[in-house]
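Residue numbers (the UniProt record's numbering), protein chains in the order written: chain A, 1 to 375; chain B, 1 to 411.
Let me begin by presenting the structure, written as structure tokens, before commenting on it.
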């Protein structure tokens, strides 16, 4: 199978992306975001969960939470390149919501197949979910989960669970004998305790989740193949979020560089500022191209999906750090303050950079594919 | 990467089939001579003869100038040069020698010359019978191109040209030169005009071409000196004083952002000579020992190689994304990055190759122990030609910052 030249990004996808950008421009300015998550400085906000559930509900009603759910389960079944376009706009707005967490669960459920139909239908109807598959070390490998299933009950702790206090369901990876099985667990099931993490990113929440003899039936008895199939989508979408956020960082910094005057010129006149801003743009374009290539591979060239997704997330992780650093540096003193909106994106990007593997992590795995593993 | 054949128009489908059939039967045999890395390093008449014969054959088969009108020697096709390029690349044909003619002179002549001149010049340009060169840079005008001092003085219907051009690739074989010069010393930009001038026929009679030796030891580019060269006013492109605007057409196409596709080099060089790509880098790392193990197993080198593969892939996909309307916010943002990225990636690949080669990196052409016959230090040094020529990387970043990001113009 070969990739279509346009990444499978059809008119419908362009329409979705444009309407998402317009929606956030109309309903969710950065000013509003700052008021929501950072109006007053309180250290305890670091483990807070500030979001606008009513605005999220509007997105659900627009069908955006179901874009990736297969049509057979009542969703829109759009290709990953279209979903990436939507996520890019969510990243640009740094909109606090459980969209990415839910999409991650959708791709794993879709890879499971018929047994996950019920769970997928719940998402199509507006339920949200998050993956609970990672151990305390943040190994990004569900095979190393600390959660164990014994005699039909789950015990142990899942770490780095994204937007845990916004979601209705968890897709839990637990060791069951020789295998890693997957479980679809309501967040309020007896024995489930959500323990919020204090994180740097004010636009998301994160928790570790303790399971104490939680009764559960597996939605998939052998979950690793489904996870392996779905992870390229997870990496690609987070990379899309990063590129969208980086576009905001670039545009905001360009606007500032044009407005701010020093030594009788705007900052952008000086090549010490101009050239690195061009380099940020170049890096954004590299990541963005790699994102749509990876998204397209996921649907049209599945044998290449992992390699291309590693490339996209490696590039985007490095971009997250680079764009954030240049944005703050070129704003000078004001960029270093709480009142300047930049810190919201700086922190979201820092979180995204490491989440599901940073640049070196993805390049090491890509090297194993491209060059073969070292014995 | 992947084929786009299934998205071709009916015309493109038919044309692609034609290219494929023709190439299968007519691809030229191995050259009897060592080919240079690129058309800009053609040194001998034998090399040129072989490459010119190939360009003529490809032109006669309809694969060059496809999208130009028949009246100027083209094929009057629609978006077919891209198809021909893909097929030539796939067939690993030799590169085309008239690279400056095809990439820069042809679109400039096409958009700015009188019909009669176009119809006379372009067919022999496409066929490769007339080699072209570019007279822009001067000893005192590099990145600040608009400060050129070569001067044309009016003598009735004629012009008398005096001046000094440098870094003129292919001038030693060229029949024609595109020439940016000054017709008015009182205005910097509005004092520039643009000519096409026959130089081969004027050698020793107003034109002197002298080779410049590059840091690599190769020749290929030249300096060209004009002393009272007389040219006809009919060789002027566009209006007097519009030279800067015409030059922008040339530069836009040189940097890959013009609207007329350039017939590109074929894919043969990756087989018959050395290529500066990550796959050659991987071969080098596989065959180089470091601490008793292949260098390819070194985690740091693996990371660095992956970084370059990612950049190389990103550049290729940029060009594909540039054709998808919904995935870009600015019409020339991606295209204006082409030259900058391609040259810097090639340079960084060269630099990493030298690190991988380690002690052997300094073994050069002619040393039997040199990795890849000493081509790595050669291509690394040549990469500086690419980051300097056609607008230095610094000038490219100014252009991107000003035209795309809208930052204030730097002096």
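Every residue gets a Cβ at the ideal spot worked out from N, C-alpha and C, and that includes glycine.
Note that the structure is a prediction, hence the values are computed from the model and not measured.
{"Item": "Provide the residue span of the alpha helix (DSSP H) that contains residue 54 (chain A), from first to last.", "Value": "53 to 61"}
{"Item": "Label residue 29 (chain A) either buried or exposed according to how many other C-beta atoms from any shown protein chain fall within 10 Å of its C-beta, with 16 as the threshold for buried.", "Value": "exposed"}
{"Item": "Tell me, which residues are paired with residue 211 (chain A) by DSSP?", "Value": "A:156 and A:192"}
{"Item": "For my contact list, residue 261 (chain B) and residue 82 (chain B) are in at a C-beta cut-off of 8 Å; report their separation, rounded to the angstrom.", "Value": "5 Å"}
{"Item": "Is there a C-beta anywhere in chain A that falls below 8 Å from the one on residue 355 (chain B)?", "Value": "no"}
{"Item": "Under a Cβ-count criterion, where at least 16 other Cβ atoms within 10 Å of its own Cβ denotes burial, should residue 372 (chain A) be classed as buried or exposed?", "Value": "exposed"}
{"Item": "With DSSP as the reference, label residue 409 (chain B) as helix, strand or coil.", "Value": "coil"}
{"Item": "Can you confirm whether residue 321 (chain B), when its beta carbon is compared against all beta carbons of chain A, has any partner nearer than 8 Å?", "Value": "yes"}
{"Item": "Along the chain, where does the alpha helix (DSSP H) containing residue 9 (chain B) start, and where does it finish?", "Value": "Note, residue 9 (chain B): premise wrong, no alpha helix (DSSP H); not H, not E."}
{"Item": "Between residue 157 (chain B) and chain A, is the shortest Cβ-Cβ distance under 8 Å, so that the two count as touching?", "Value": "no"}
{"Item": "Is the region 339 to 356 of chain A touching the region 181 to 194 of chain A, taking contact as three or more C-beta pairs under 8 Å?", "Value": "no"}
{"Item": "If you draw a straight line from the alpha carbon of residue 76 (chain A) to that of residue 263 (chain B), how long is it in whole angstroms?", "Value": "43 Å"}
{"Item": "Apart from the five residues just before and just after residue 247 (chain B), which ones in its own chain have a Cβ nearer than 6 Å to its Cβ?", "Value": "180"}
{"Item": "So what's residue 164 (chain A) in DSSP terms, helix, strand or just coil?", "Value": "coil"}
{"Item": "For residue 371 (chain A) and chain B, any beta-carbon pair shorter than 8 Å?", "Value": "yes"}
{"Item": "Look at the Cβ atom of residue 316 (chain A), then the Cβ atom of residue 242 (chain A), and state whether they are nearer than 8 Å.", "Value": "yes"}
{"Item": "8 Å is my cut-off, CB to CB: does residue 186 (chain A) come that close to chain B?", "Value": "no"}
{"Item": "Just verifying my parser: in three-state terms, what is the DSSP assignment at residue 165 (chain B)?", "Value": "strand"}
{"Item": "Less than 8 Å separating the beta-carbons of residue 417 (chain B) and residue 87 (chain B)?", "Value": "Because chain B spans 1 through 411 in this model, residue 417 (chain B) falls outside it and cannot be assessed."}
{"Item": "So what does residue 210 (chain B) bridge to, in DSSP terms?", "Value": "B:223"}
{"Item": "Taking CB distances under 8 Å as the criterion, tell me whether residue 335 (chain A) reaches chain B.", "Value": "no"}
{"Item": "Nearest by alpha-carbon distance to residue 59 (chain A): which of A:97, A:37, A:292 and A:228 is it?", "Value": "A:97"}
{"Item": "Between the region 326 to 334 of chain A and the region 310 to 325 of chain B, can you find at least three pairs of beta-carbon atoms closer than 8 Å?", "Value": "no"}
{"Item": "Does residue 374 (chain A) pass the burial test, meaning 16 or more other C-beta atoms within 10 Å, or should it be called exposed?", "Value": "exposed"}
{"Item": "In chain order, which continuous runs of the beta strand (DSSP E) of length 3 or greater are located wholly inside the region 221 to 261 of chain B?", "Value": "221 to 232"}
{"Item": "Can you give me the Cβ contacts of residue 405 (chain B) inside the same chain, cut-off strictly under 6 Å, excluding the 5 residues immediately before and after it?", "Value": "none"}
{"Item": "Could you give the DSSP three-state label for residue 150 (chain A): helix, strand or coil?", "Value": "strand"}
{"Item": "May I ask which residues mark the beginning and end of the alpha helix (DSSP H) holding residue 232 (chain A)?", "Value": "224 to 259"}
{"Item": "Quick one: any contact between the region 77 to 84 of chain A and the region 8 to 15 of chain A, if contact means 3 or more CB pairs under 8 Å?", "Value": "yes"}
{"Item": "When DSSP labels each residue in this structure, what does residue 66 (chain B) get in the three-state scheme?", "Value": "coil"}
{"Item": "Quick check on residue 17 (chain A) - is its C-beta less than 8 Å from some C-beta in chain B?", "Value": "yes"}
{"Item": "Would you report the Cα separation of residue 150 (chain B) and residue 201 (chain B), rounded to the nearest angstrom?", "Value": "20 Å"}
{"Item": "Please confirm whether residue 57 (chain A) and residue 100 (chain A) have their CB atoms less than 8 Å apart.", "Value": "no"}
{"Item": "Just how far apart, CA to CA, sit residue 171 (chain B) and residue 247 (chain A)?", "Value": "45 Å"}
{"Item": "Determine the contact status of residue 52 (chain B) and residue 123 (chain B), defining contact as a CB-CB distance below 8 Å.", "Value": "no"}
{"Item": "Once DSSP output is grouped into helix, strand and coil, what is the label at residue 119 (chain B)?", "Value": "helix"}
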